[in-house]
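The structure appears below as structure tokens.
Residue numbers (the working numbering): -10 to 75.
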């Protein structure tokens, strides 16, 4: 499981990212938020999916910021595994 911290309006929130059966499960408990996303999506598609779902709770700027942070963690992990998904 991957974790990162994202800040919204001065509050730090922990983001949990787990890979399960070809998907990523992304959870932000402080926001009572979770979603499942196909792990074969491209960067732009993944970012769009994240923004669409986060926008139900956050404004557009915060949604885009969180999407970038989450996607960065996912891509860094994939790079650490030589691009191979677990």
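All residues carry an ideal CB built from backbone N, CA and C; glycine is no exception. The structure presented is a predicted model; accordingly, all values stated were derived computationally and were not measured.
Quick check on the DSSP output: the beta strand (DSSP E) that includes residue i runs from which residue to which?
i          : result
residue 35 : Note, residue 35: premise wrong, no beta strand (DSSP E); alpha helix (DSSP H) at 32 to 43.
residue 10 : Where residue 10 is concerned, there is no enclosing beta strand (DSSP E), given that its DSSP letter is neither H nor E.
Helix or strand or just coil, what does DSSP make of residue i?
i          : result
residue -9 : strand
residue 23 : strand
residue 77 : Outside the shown range of the chain, which is -10 to 75, sits residue 77, and nothing can be said about it.
Hey, residue i and residue j: beta-carbon distance below 8 Å or not?
i          : j          : result
residue 32 : residue -3 : no
residue 11 : residue 23 : no
residue 14 : residue 7  : yes
residue 56 : residue 43 : yes
residue 59 : residue 3  : no
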